[in-house]
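Take a look at the structure set out below.
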Amino acid sequence: MAPPAPRTFDELVAEGAAVPTEGWDFSWFEGRATEARPSWGYSRSLGGRLADAGAVLDVQTGGGEVLDCALGAVEPRRPSLLVATEGWPPNVAKATELLRARGVPVVASPDDAPFPFADGAFDLVVSRHPVVPHWSEIARVLAPGGTYFAQHVGPASVFEVIEFFLGPQPEGARNDRHPDRERADAEAAGLEVVDLRAERLRMEFHDIGAVVHFLRKVVWTVPGFTVEAYRDRLREMHERIETEGPFVAHSARHLFDVRKPHA
Numbered sequence: 013m014a015p016p017a018p019r020t021f022d023e024l025v026a027e028g029a030a031v032p033t034e035g036w037d038f039s040w041f042e043g044r045a046t047e048a049r050p051s052w053g054y055s056r057s058l059g060g061r062l063a064d065a066g067a068v069l070d071v072q073t074g075g076g077e078v079l080d081c082a083l084g085a086v087e088p089r090r091p092s093l094l095v096a097t098e099g100w101p102p103n104v105a106k107a108t109e110l111l112r113a114r115g116v117p118v119v120a121s122p123d124d125a126p127f128p129f130a131d132g133a134f135d136l137v138v139s140r141h142p143v144v145p146h147w148s149e150i151a152r153v154l155a156p157g158g159t160y161f162a163q164h165v166g167p168a169s170v171f172e173v174i175e176f177f178l179g180p181q182p183e184g185a186r187n188d189r190h191p192d193r194e195r196a197d198a199e200a201a202g203l204e205v206v207d208l209r210a211e212r213l214r215m216e217f218h219d220i221g222a223v224v225h226f227l228r229k230v231v232w233t234v235p236g237f238t239v240e241a242y243r244d245r246l247r248e249m250h251e252r253i254e255t256e257g258p259f260v261a262h263s264a265r266h267l268f269d270v271r272k273p274h275a
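For the sequence shown, this note's numbering begins at 13 and goes up steadily by one.
Spelled out as structure tokens, the structure:
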């Protein structure tokens, strides 16, 4: 039997444009794109933190997948109080559906709004890839001695993809989300940075459908991305992948372990 014919540019683009983007489940990319994971294993480490905590807030939970995975590893050793927030309505619905079985309420709260919780309500605040860490609010809702444990997106993350579509970016854009700047902001809010680690990790896109889906899902990579607006550049990248192999980029991640000092 002859092998199936390679899919065309139009077929791959149409497939990438049709896949739903809700939540942070990236299983669709299996076999089509890869990203190395940080050495600290955030989900595994989060499970250990949850097992030792009493009251926990998960900020910008996405579709709830990371929290659900971490809880699955520690049940029945779980916090007595656990609540999540999310700002994007499709993700609110997805996270609510997923986390309901865990007994975790999901509060719809805009990403740039103050947290709708009392001062000192939590001994652990967690987040994976927040859009912007609101350090003053994190400090406010943490109890004295409480911890913020989070994985952030670092500077110049996936810049190879960004600059392929948008052209060279100013130096200031490359330093956005820099861990040293975020450390200074955390300390200015009265928090103590106990540990801060950063890694740069290899990514590979094996077909243009994966690129289209990634840009639709991670919307801040190329703001306003549509297939129609970038069809010519997508075709150029497709031809490059066909000729040279996977398109290689690098993600940036850093891990914050932050404590609110006792009075």
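Built from N, CA and C at the ideal position, the CB exists for glycine as well.
Close Cβ partners of residue 188 (< 7 Å) along its chain, the five nearest in sequence each way excluded: 167
For residue 54, the three-state DSSP class (helix, strand or coil): Three-state result, residue 54: helix.
Boundaries (first-last residue) of the alpha helix (DSSP H) holding residue 171: 171 to 178
Proximity below 8 Å, CB of residue 152 to CB of residue 124: no
For residue 261, the first and last residue of its enclosing beta strand (DSSP E): For residue 261, the uninterrupted beta strand (DSSP E) run begins and ends at 259 to 271, by DSSP.
Residue burial classification, residue 14 (beta-carbon count within 10 angstroms, cutoff 16): In this prediction, residue 14 scores a pLDDT of 44, lower than 50, which makes its location untrustworthy; no coordinate-derived value is stated.
Residue 272 versus residue 72: straight-line alpha-carbon distance, rounded: Roughly 20 Å separates the two Cα atoms.
Whole-number beta carbon distance between residue 210 and residue 141, since they are thought to touch under 8 Å: That pair is no contact at about 14 Å.
Inter-stretch contact (C-beta, 8 Å, three-pair minimum) for the region 50 to 61 and the region 215 to 224: Note that the region 50 to 61 does not touch the region 215 to 224; fewer than 3 beta-carbon pairs, one per stretch, sit closer than 8 Å.
Any 3 or more C-beta pairs closer than 8 Å across the region 230 to 248 and the region 103 to 114: no
Sub-8 Å separation of residue 29 and residue 228 beta-carbons: yes
Where the alpha helix (DSSP H) containing residue 108 begins and where it ends: 101 to 111
Residue range of the unbroken alpha helix (DSSP H) whose run includes residue 243: 243 to 256
Spatial distance of residue 233 from residue 61 (CA atoms): 31 Å
Nearest to residue 4 (by Cα), restricted to the options 85, 156, 184 and 74: In the structure as shown, the chain begins at 13 and stops at 275. Residue 4 is therefore absent and cannot be evaluated.
Own chain partners of residue 99 with C-beta closer than 7 Å, once the 5 adjacent residues on each side are dropped: The beta carbon of residue 99 sits closer than 7 Å to the beta carbons of 72, 121, 122 and 123 from its chain, once the five residues preceding and following it are set aside; these are given in chain order.
Helix, strand or coil at residue 14 [DSSP, three-state]: Below a pLDDT of 50, predicted positions are generally treated as unreliable, and residue 14, at 44, falls in that range; the measurement from the model is reported next regardless. Coil at residue 14, not helix or strand.
Residue 70 and residue 148 closer than 8 Å at C-beta: no
Residue 43 to residue 193 span [Cα, whole Å]: 36 Å
Residue 156, DSSP secondary structure in three states: strand
DSSP-derived helix/strand/coil call for residue 227: helix
Where residue 47 falls: helix, strand or coil (DSSP): strand
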